[in-house]
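A.B. asks:
There are 2 protein chains.
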Amino acid sequence: MPSERIVVLAHEKFPDGAKTALGVMRYGDQAVAAVLDRDRAGDRVADHAPDLDDAPIVASFEDALAAAEGAIDALYVGIAPIGGGFDDSWRADVRAAITAGCDVVSGLHYFLNEDAEFAALAADHDVDLRDVRRPPDDIGVASGRSADVDADVVLTVGTDCSVGKMTAALEIVAAARDRGIDAAFVPTGQTGIMIAGWGTPIDRVVSDFTAGAVEDLVLTAGDGHDLLVVEGQGTIVHPAYSAVTCGILHGAMADGLVLCHAAGRDAIHGYESVAIPPLTDYVDLYEDLAAPVHETHVVAGAVNTKSIDDDVAAEVAVSDVAETLDVPTADPVRDGADRIVDGIVDAGLGE
Amino acid sequence: MPSERIVVLAHEKFPDGAKTALGVMRYGDQAVAAVLDRDRAGDRVADHAPDLDDAPIVASFEDALAAAEGAIDALYVGIAPIGGGFDDSWRADVRAAITAGCDVVSGLHYFLNEDAEFAALAADHDVDLRDVRRPPDDIGVASGRSADVDADVVLTVGTDCSVGKMTAALEIVAAARDRGIDAAFVPTGQTGIMIAGWGTPIDRVVSDFTAGAVEDLVLTAGDGHDLLVVEGQGTIVHPAYSAVTCGILHGAMADGLVLCHAAGRDAIHGYESVAIPPLTDYVDLYEDLAAPVHETHVVAGAVNTKSIDDDVAAEVAVSDVAETLDVPTADPVRDGADRIVDGIVDAGLGE
Numbered sequence: 000m001p002s003e004r005i006v007v008l009a010h011e012k013f014p015d016g017a018k019t020a021l022g023v024m025r026y027g028d029q030a031v032a033a034v035l036d037r038d039r040a041g042d043r044v045a046d047h048a049p050d051l052d053d054a055p056i057v058a059s060f061e062d063a064l065a066a067a068e069g070a071i072d073a074l075y076v077g078i079a080p081i082g083g084g085f086d087d088s089w090r091a092d093v094r095a096a097i098t099a100g101c102d103v104v105s106g107l108h109y110f111l112n113e114d115a116e117f118a119a120l121a122a123d124h125d126v127d128l129r130d131v132r133r134p135p136d137d138i139g140v141a142s143g144r145s146a147d148v149d150a151d152v153v154l155t156v157g158t159d160c161s162v163g164k165m166t167a168a169l170e171i172v173a174a175a176r177d178r179g180i181d182a183a184f185v186p187t188g189q190t191g192i193m194i195a196g197w198g199t200p201i202d203r204v205v206s207d208f209t210a211g212a213v214e215d216l217v218l219t220a221g222d223g224h225d226l227l228v229v230e231g232q233g234t235i236v237h238p239a240y241s242a243v244t245c246g247i248l249h250g251a252m253a254d255g256l257v258l259c260h261a262a263g264r265d266a267i268h269g270y271e272s273v274a275i276p277p278l279t280d281y282v283d284l285y286e287d288l289a290a291p292v293h294e295t296h297v298v299a300g301a302v303n304t305k306s307i308d309d310d311v312a313a314e315v316a317v318s319d320v321a322e323t324l325d326v327p328t329a330d331p332v333r334d335g336a337d338r339i340v341d342g343i344v345d346a347g348l349g350e
Numbered sequence: 000m001p002s003e004r005i006v007v008l009a010h011e012k013f014p015d016g017a018k019t020a021l022g023v024m025r026y027g028d029q030a031v032a033a034v035l036d037r038d039r040a041g042d043r044v045a046d047h048a049p050d051l052d053d054a055p056i057v058a059s060f061e062d063a064l065a066a067a068e069g070a071i072d073a074l075y076v077g078i079a080p081i082g083g084g085f086d087d088s089w090r091a092d093v094r095a096a097i098t099a100g101c102d103v104v105s106g107l108h109y110f111l112n113e114d115a116e117f118a119a120l121a122a123d124h125d126v127d128l129r130d131v132r133r134p135p136d137d138i139g140v141a142s143g144r145s146a147d148v149d150a151d152v153v154l155t156v157g158t159d160c161s162v163g164k165m166t167a168a169l170e171i172v173a174a175a176r177d178r179g180i181d182a183a184f185v186p187t188g189q190t191g192i193m194i195a196g197w198g199t200p201i202d203r204v205v206s207d208f209t210a211g212a213v214e215d216l217v218l219t220a221g222d223g224h225d226l227l228v229v230e231g232q233g234t235i236v237h238p239a240y241s242a243v244t245c246g247i248l249h250g251a252m253a254d255g256l257v258l259c260h261a262a263g264r265d266a267i268h269g270y271e272s273v274a275i276p277p278l279t280d281y282v283d284l285y286e287d288l289a290a291p292v293h294e295t296h297v298v299a300g301a302v303n304t305k306s307i308d309d310d311v312a313a314e315v316a317v318s319d320v321a322e323t324l325d326v327p328t329a330d331p332v333r334d335g336a337d338r339i340v341d342g343i344v345d346a347g348l349g350e
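Just so you know, the sequences run in chain order D and P.
All residue numbers for the first sequence refer to numbering that gives the first Met the number 0, where the first residue is 0 and numbers rise by one.
All residue numbers for the second sequence refer to numbering that gives the first Met the number 0, where the first residue is 0 and numbers rise by one.
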């Protein structure tokens with residue numbers, strides 16, 4: 000039963016430049032009635048992303064309404080320009096959605112609620128503008144209580160940004176549930192929040208409250224499940240974003256870590272002068288940094304082999320990482336996360 | 000030549016509960032005309048803190064105006080309740096200061112500029128409400144350029160909060176200048192900002208921009224000096240604040256670290272279940288975490304022996320840390336920072 004019936008905005012970017020759209024379409028339980036991409040209007044989702052549920056691609060929200068049989072609950076903004084601004088060419092679609100009585104869901108840094116036109120129109124039509132990038136106002140300092148929850152906590156940590164930490168977390172939850180473990184995903188970024196319908200965008204929290212915001216999420220979800228899989232962010236050696244990573248590491252007080260790596264990546268994305276250290280250095284850094292607050296270990300590896308076309312070569316890349324880390328390792332997209340769950344269960348977690 | 004003539008608000012807290020007041024009075028170049036403490040009105044600063052320049056202690060801003068010969072430029076809020084709120088018993092003093100044409104300087108989380116009464120009164124009297132805890136709006140993501148500045152960069156890092164990282168930084172700058180090194184202090188917290196008259200409160204920056212905010216400070220100051228001493232915050236193993244520490248570590252790209260420790264502290268303040276790890280673990284953690292972005296080393300130690308009355312026992316505490324770290328170490332308050340500067344210079348920095 001889908002949580003809501005939605006239209007996904009991905010103008011000029013579907014599918015490869017529309018990371019949020021793909022995440023929601025692949026992992027969310029929303030039913031997608033149409034995708035907006037003015038460059039591909041007339042095509043179908045199946046033409047471009049055969050693994051996703053099919054839907055028409057149309058040029059505008061009005062066209063989506065015409066193509067969709069039945070009501071639409073919400074328009075999701077499924078793309079983000081660099082900097083997270085709002086592209087004014089999307090304004091007509093957002094306006095049309097609000098006027099049609101639909102909520103609008105956005106993970107942009109630009110808050111729809113602060114746009115005078117959208118705010119007034121949403122009030123007139125009694126719809127919600129859900130700015131998922133806006134953290135709640137009542138976040139505070141961490142108290143060090145995440146370890147007190149009943150659930151075991153696993154955190155996906157990375158060797159860089161954009162290596163698949165959210166995807167790994169979602170695939171782990173799915174694979175764990177398949178073997179009867181009551182697992183839940185804990186979202187810490189805008190796409191994860193749009194998929195799961197809850198969470199806090201940790202990168203937008205005041206730095207003093209970074210760990211506290213994660214602790215709030217763990218405490219909220221922790222007693223209702225056997226296993227929480229917290230979505231990590233960034234990497235602990237990132238020249239710009241390591242603060243976010245470090246706050247999540249200490250705030251989550253994870254019982255196990257899954258180290259995520261993109262095969263072939265040898266420098267931090269966008270900071271080419273910063274080389275990716277050996278994977279064993281990451282294991283030491285994450286474990287040693289976590290230990291004084293809550294001891295933890297890397298219990299599995301996740302390798303993103305998207306850049307490798309050949310299946311055998313991809314398998315070699317995964318094996319190389321498995322051998323280096325000496326824990327169960329898989330590409331959660333190519334192979335599924337069953338082997339990763341092996342590592343989690345072998346460590347005594349989730350039961 | 001003092002930068003301005005000020006009154007310091009420290010009601011019911013002077014001197015021991017008034018960390019900000021003491022910092023400004025000890026290290027700022029402001030001239031202090033009076034201290035407000037209604038519990039000690041009639042005493043003098045010299046009665047309680049003989050190492051500071053003397054001044055009368057009075058009960059209200061009006062009394063301060065009467066006691067001060069000549070004009071007052073500003074009222075500094077020199078205390079902070081837990082949570083950083085504004086205590087309404089201070090309202091009459093702030094009102095009186097504004098009415099008398101004085102700026103008001105505050106490091107509280109509660110912003111004076113957002114207080115309707117103060118904002119209106121300040122506009123009427125053409126004075127500034129300087130909320131130093133409010134970060135500038137134009138902070139962005141770090142670009143990894145701090146290492147490009149001409150100055151060598153030293154960062155004070157800690158084993159806990161409140162171990163003397165700001166004090167060590169200020170004493171290092173003073174001792175370095177004494178031997179002819181053109182050194183500058185880079186403030187990252189509200190008291191440091193009030194002392195130096197510039198800086199950014201890193202704990203209030205959005206977590207994604209933590210390193211970027213520090214980089215901005217280093218780039219602003221970096222080419223005009225031989226040595227920058229960046230004020231560290233928190234500790235890298237803090238259950239709540241490590242994100243701030245980590246962002247400063249990677250944003251500052253320090254060439255050398257000074258490890259600051261409070262003698263006798265054996266657990267993280269306020270988080271008694273988190274033991275302080277061995278000092279050599281901190282050295283490894285800070286150095287190993289920094290290295291992928293910018294290689295650095297602990298070049299000196301700073302020991303806060305405030306809790307030890309006996310001079311010989313204090314000296315033993317300092318020697319113990321020196322032996323453990325195997326770098327020049329001193330209590331910068333008790334001994335001055337000359338030995339710490341030795342460690343910095345021995346590492347080839349500041350010249």
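The beta carbon of each residue, even a glycine, is placed where N, CA and C say it ideally should be.
1) Under 8 Å between the Cβ atoms of V320/D and H260/D?
2) Where do the ends of the alpha helix (DSSP H) carrying E271/P lie?
3) To test your reading of the DSSP string, which unbroken beta strand (DSSP E) runs of 3 or more residues are found completely within the segment 88 to 122 of chain D?
4) Is it the case that the Cβ atoms of A183/D and L248/D are separated by a distance below 8 Å?
5) Drop a sphere of 10 angstroms on the beta-carbon of E230/P, count the other beta-carbons inside from all chains shown, and report buried for 16 or more, exposed for fewer.
6) Grab the span of the beta strand (DSSP E) containing T155/P for me, first residue to last.
7) Distance check for I78/D and I71/D, CA to CA, integer angstroms please.
8) Is A239/D close to chain P? Criterion is C-beta to C-beta, closer than 8 Å.
9) I need the DSSP call for H10/P, collapsed to helix, strand or coil.
10) Just to confirm, are A266/P and V213/P a CB contact at a threshold of 8 Å?
11) So what does DSSP say about T328/P, is it helix, strand or coil?
12) With 7 Å as the C-beta to C-beta threshold (strictly closer), list the residues of the segment 200 to 223 of chain D near chain P in chain order.
13) Which residues mark the beginning and the end of the beta strand (DSSP E) in which Y75/D is found?
14) Looking only at its own chain, which residues have a Cβ that is under 8 Å from the Cβ of H296/P, when we skip the five neighbours before and after it?
15) Within 8 Å of any Cβ in chain P, is that where the Cβ of D287/D sits?
16) For H260/D, does the three-state DSSP call read helix, strand or coil?
17) What are the boundary residues of the alpha helix (DSSP H) that L284/P is part of?
18) Can you give me the C-alpha to C-alpha distance between V156/P and A312/P, rounded to a whole angstrom?
19) Under a three-way DSSP split, which group does A58/D fall into?
20) From the DSSP output, in three-state form, read off D177/D for me.
21) Give the secondary structure of A30/D by DSSP, where H, G and I count as helix, E and B as strand, and everything else as coil.
22) Which residue's Cα is closest to the Cα of L154/P: S88/P, C101/P and A301/P?
23) Relative to the C-alpha of I343/P, which candidate in E116/P, I171/P and A121/P has its C-alpha closest?
24) Is DSSP giving F85/D helix, strand or coil here?
25) So does the segment 162 to 169 of chain P actually touch the segment 92 to 101 of chain P, counting three or more Cβ pairs closer than 8 Å?
26) Mapping DSSP to helix, strand and coil, what is A79/P?
27) Within 8 Å (strictly less), CB to CB, does I192/D reach chain P?
28) If you draw a straight line from the alpha carbon of G198/P to that of Q189/P, how long is it in whole angstroms?
29) By the DSSP assignment, the beta strand (DSSP E) with R129/P in it spans what residues?
30) Tell me which residue opens and which closes the beta strand (DSSP E) that G300/P is part of.
31) How would you label G179/D, buried or exposed, when you count the other beta carbons within 10 angstroms and need 16 or more for buried?
32) Can you tell me the Cα-Cα spacing of A54/P and N112/D, whole angstroms?
33) So is T279/P buried or exposed if we call it buried at 16+ other beta carbons inside 10 Å?
34) So the alpha helix (DSSP H) A242/D belongs to, where does it begin and stop?
35) Going straight from the alpha carbon of D330/P to that of R338/P, what length do you get?
C.D. replies: The answer reads as follows:
1) The count along the first sequence starts at 1 and reaches residue 320/D at position 321. The count along the first sequence starts at 1 and reaches residue 260/D at position 261. In contact: V320/D and H260/D (Cβ atoms closer than 8 Å).
2) Along the second sequence, one-based indexing puts residue 271/P at 272. Not the alpha helix (DSSP H): E271/P falls in the beta strand (DSSP E), residues Y270 to A274.
3) 102 to 105
4) Your numbering for residue 183/D matches position 184 in the first sequence. Your numbering for residue 248/D matches position 249 in the first sequence. No, they are not a contact pair.
5) Start at 1 with the first residue of the second sequence, and residue 230/P comes out as number 231. Classification for E230/P: buried.
6) Residue 155/P sits at position 156 when you count from the first residue of the second sequence. Taken as a continuous stretch (DSSP letters only), the beta strand (DSSP E) holding T155/P covers D151 to G157.
7) As a working mapping, residue 71/D is identified with position 72 in the first sequence. As a working mapping, residue 78/D is identified with position 79 in the first sequence. So the two alpha carbons sit approximately 19 Å from each other.
8) Against the first sequence, residue 239/D aligns to sequence position 240. At least one chain P Cβ lies under 8 Å of A239/D.
9) Taking the first residue of the second sequence as 1, we reach residue 10/P at position 11. DSSP places H10/P in coil when its eight states are reduced to three.
10) Working through the second sequence from its first residue, we reach residue 266/P at position 267. Working through the second sequence from its first residue, we reach residue 213/P at position 214. It is not a contact, given that the beta carbons lie outside the stated cut-off.
11) As a position in the second sequence, residue 328/P is number 329, starting the count at 1. Strand at T328/P.
12) I201, D202, R203, V204, V205, S206, D207, T209, A210 and G211
13) As a position in the first sequence, residue 75/D is number 76, starting the count at 1. In this chain, the beta strand (DSSP E) harbouring Y75/D covers A73 to V76.
14) Here residue 296/P corresponds to residue number 297 of the second sequence, with the count starting at 1. These residues qualify, in order along the chain: G255, L256, E286 and A346.
15) Residue numbering aside, residue 287/D sits at position 288 when the first sequence is read from its first letter. It does: the Cβ of D287/D has a partner Cβ on chain P nearer than 8 Å.
16) Here the question's residue 260/D lines up with position 261 in the first sequence. Residue state, collapsed to three classes: strand.
17) If you number the second sequence from 1, residue 284/P lands on position 285. L278 to A289 is the extent of the alpha helix (DSSP H) around L284/P.
18) Within the second sequence, numbered from 1, the residue matching residue 156/P stands at position 157. Within the second sequence, numbered from 1, the residue matching residue 312/P stands at position 313. Between V156/P and A312/P, the C-alpha separation is close to 24 Å.
19) Sequence index remark: in the first sequence, residue 58/D carries index 59 (1-based). In the structure shown, A58/D sits in coil (DSSP, three-state: anything other than H, G, I, E or B).
20) Translated into positions along the first sequence, residue 177/D becomes position 178. Helix at D177/D.
21) Position 31 of the first sequence holds residue 30/D. DSSP, read as helix, strand or coil, puts A30/D in strand.
22) Within the second sequence, numbered from 1, the residue matching residue 154/P stands at position 155. Of the listed residues, the one whose Cα sits closest to L154/P is A301/P.
23) To locate residue 343/P, count along the second sequence from 1; it is residue 344. With distances taken between Cα atoms, I343/P lies closest to I171/P.
24) Taking the first residue of the first sequence as position 1, residue 85/D is located at position 86. If DSSP states are grouped into helix, strand and coil, F85/D belongs with coil.
25) no
26) Here residue 79/P refers to the residue found at position 80 when the second sequence is read from its first residue. Coil at A79/P, not helix or strand.
27) Locating residue 192/D in the first sequence gives position 193, counting from the first residue. So, not an interface residue.
28) Walking along the second sequence from the start, residue 198/P turns up at place 199. Walking along the second sequence from the start, residue 189/P turns up at place 190. Straight through space, the alpha carbons of Q189/P and G198/P are spaced by roughly 8 Å.
29) On the second sequence, position 130 is the one that residue 129/P refers to. Taken as a continuous stretch (DSSP letters only), the beta strand (DSSP E) holding R129/P covers L128 to D130.
30) Against the second sequence, residue 300/P aligns to sequence position 301. Looking at the DSSP string, the run of the beta strand (DSSP E) that includes G300/P is V297 to N303.
31) In the first sequence, counting from the first residue as 1, residue 179/D sits at position 180. Exposed, since its Cβ has fewer than 16 Cβ neighbours within 10 Å.
32) In the second sequence, residue 54/P corresponds to position 55, counting from 1. In the first sequence, residue 112/D corresponds to position 113, counting from 1. Roughly 51 Å separates the two Cα atoms.
33) For the purposes of this step, residue 279/P is identified with residue 280 of the second sequence, where counting begins at 1. Around the beta carbon of T279/P, fewer than 16 other beta carbons lie within 10 angstroms, which makes this residue exposed.
34) As a working mapping, residue 242/D is identified with position 243 in the first sequence. S241 to A251 is the span of the alpha helix (DSSP H), which, as asked, contains A242/D.
35) Within the second sequence, the letter at position 331 stands for residue 330/P. Within the second sequence, the letter at position 339 stands for residue 338/P. Taking the straight line from one Cα to the other gives about 9 Å.
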